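Q: Numbering-wise, the sequence shown is residues 91 to 390 according to the numbering used here. Built from N, CA and C at the ideal position, the CB exists for glycine as well. Bear in mind that the values here come from a model prediction, so they are computed numbers and not experimental data.
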Amino acid sequence: MAEQELTYQEVMALLPGYAAGLLNNERQAAVDQHLQRQIALFQHLDELERAAGVAPPAPNDRAADGAPSAVNDRAQPRHGTSYAQVMEGERPSHELSNNPFMMRNAPQSYTDRRTGQRFVVPKRGTLHEERAPRNFPAPPVPLPTRLRRWAWNLLALAAVVAVLLIGAYQVQLQRQLALTQEQLTVIKGATRVLLLQGDSTTGAMRGTLFLGEQRALFSAGALANLPATQRYQLWYTTATGDMYTGGIITVGADQSAQQLIPLAVPATTIVGAGLSVEPVGGSVAPTLPMVLEASWVGGQ
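1) Does the contact criterion of 3 or more C-beta pairs under 8 Å hold for the stretch 360-368 versus the stretch 262-275?
2) Work out the CA separation of valine 253 and glycine 371 for me, nearest whole Å.
3) If you compare alpha carbons, which of Ala119, Thr291, Ala312 and Val121 is closest to proline 379?
4) Do you know offhand how far alanine 312's Cα is from threonine 377's?
5) Does the beta-carbon of threonine 330, which I'm using as the reference point, lie nearer than 7 Å to any heavy atom of the ligand GDP?
6) Starting from glycine 107 and walking both ways along the alpha helix (DSSP H), at which residues does that stretch end?
7) Let me check understanding here. Comparing Cα to Cα, which of Asp344, Val374, Val341 and Tyr326 lies closest to glutamate 383?
8) Please say whether leucine 286 and leucine 299 have beta carbons closer to each other than 8 Å?
9) Rounded to whole angstroms, what's the CA-CA distance from threonine 281 to alanine 318? Just pull it up for me.
10) Compare the beta carbon distance of threonine 328 and valine 355 with 8 Å and say whether it is the shorter of the two.
11) Rounded to a whole number of angstroms, what is the C-alpha to C-alpha distance between glutamate 271 and glutamine 262?
12) Excluding five sequence neighbours on each side, which residues of the same chain lie with their C-beta closer than 6 Å to the C-beta of proline 106?
13) Give the secondary structure of glutamate 383 by DSSP, where H, G and I count as helix, E and B as strand, and everything else as coil.
14) May I ask which residues mark the beginning and end of the beta strand (DSSP E) holding threonine 327?
15) Quick test of your reading: valine 381 and leucine 365, contact by CB under 8 Å. State the CB separation rounded to the nearest angstrom.
16) So, with DSSP's three-state summary, where would you put proline 352?
17) According to the neighbour-count rule (16 or more other Cβ atoms, all chains shown, within 10 Å of its Cβ), is arginine 412 buried or exposed?
18) Look up glycine 257 in the DSSP assignment and say whether it is helix, strand or coil.
19) Since glycine 302 and valine 283 are thought to touch, with beta carbons under 8 Å apart, how far apart are those beta carbons, to the nearest angstrom?
20) For the beta strand (DSSP E) containing glutamate 303, name the first residue and the last one.
21) Shortest alpha-carbon distance to tyrosine 108 belongs to which of Asp122, Leu135 and Glu95?
22) In or out: leucine 247 buried (at least 16 other Cβ within 10 Å) or exposed?
23) Just tell me which of Ile351, Ala347, Met295 and Ala375 has its CA closest to the CA of aspartate 332.
24) Quick one: what does DSSP say threonine 298 is sitting in, helix, strand or coil?
25) Would DSSP call alanine 268 helix, strand or coil?
26) I'd like the span of the beta strand (DSSP E) that includes threonine 359, first residue to last.
27) From glutamine 133 to arginine 140, what distance separates their C-alpha atoms?
If you want it as structure tokens, here you go:
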């Protein structure tokens with residue numbers, strides 16, 4: 091907040107305490123500043139009067155204590171309101187801008203030769219010292235405020251992470267739902283169903299191949315875990331003895347598999363299917379014997 095300037099009456103009331111050194115530092119500095127301005131303004135007024143050809147007041151026009159007498163030119167308006175009258179509180183400061191004689195050649199600013207302070211004469215308002223803008227460092231933030239700020243930041247970060255996780259989970263559910271709907275569509279439209287079974291060495295391994303018009307659904311459970319260098323690969327055969335691959339089968343952590351298989355031939359021409367163990371990249375022909383082989387469940 092800008093420092094409030096003392097009025098002429100306030101300075102006169104503080105002068106006894108100022109002379110006796112009884113004022114506090116703030117009041118002492120305020121009175122010093124006011125007196126320095128008075129001296130600088132009177133010096134500047136004398137320069138303006140000499141430039142305008144106006145004779146300065148005679149020495150006998152002042153009383154013994156140095157105060158302006160009744161006939162002092164500064165106490166009487168010659169051509170309107172003077173700077174001294176404004177500073178002494180005799181006339182309002184806004185009259186300076188309404189007086190064309192006083193403001194015609196008046197400088198907009200000047201520097202006090204004694205103190206080096208620079209003053210600005212505004213078109214309206216009181217005379218004031220030009221002050222450069224100050225860039226004060228920001229005060230340190232109290233520790234409780236910083237803790238609260240950190241708490242809010244962590245809460246906001248947790249909310250963002252929760253929203254992202256919920257969004258990712260929703261996307262995953264939508265994909266799973268779409269895949270399930272596709273699988274149900276294939277099952278409902280299947281024209282043939284092949285049941286894949288193994289021998290006594292395969293245990294409870296079972297598989298089912300639902301043959302739709304253009305796609306098939308392979309579903310299997312209790313598949314044995316394979317080494318990292320091996321994968322399960324699906325095959326299906328036609329009535330003419332041609333064999334096609336259904337691709338590498340992805341086995342889940344629960345040893346089950348549900349996978350959509352694009353068909354290279356019409357479903358009505360497929361008469362058999364099998365599951366073999368192949369290298370990681372797959373094979374162009376099955377490695378015998380088959381782990382699971384198909385048998386009819388129904389359909390023609």
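A: According to the structure shown:
1) no
2) 39 Å
3) Thr291
4) 21 Å
5) The ligand GDP is not among the ligands present in this structure, which contains no ligands whatsoever.
6) 98-110
7) Tyr326
8) yes
9) 36 Å
10) yes
11) Note that residue 271 is glutamine in the sequence shown here, rather than glutamate. If you take the alpha carbons of glutamine 271 and glutamine 262, they lie about 14 Å apart.
12) none
13) strand
14) 320-328
15) 5 Å
16) strand
17) With the chain covering only 91 through 390, there is no way to say anything about residue 412.
18) helix
19) Not really, about 10 Å apart at Cβ, beyond 8 Å.
20) Segment: none, glutamate 303 is in no beta strand (DSSP E) and carries neither H nor E.
21) Asp122
22) exposed
23) Ala375
24) strand
25) helix
26) Neither: threonine 359 is in no beta strand (DSSP E) and is coded neither H nor E.
27) 11 Å
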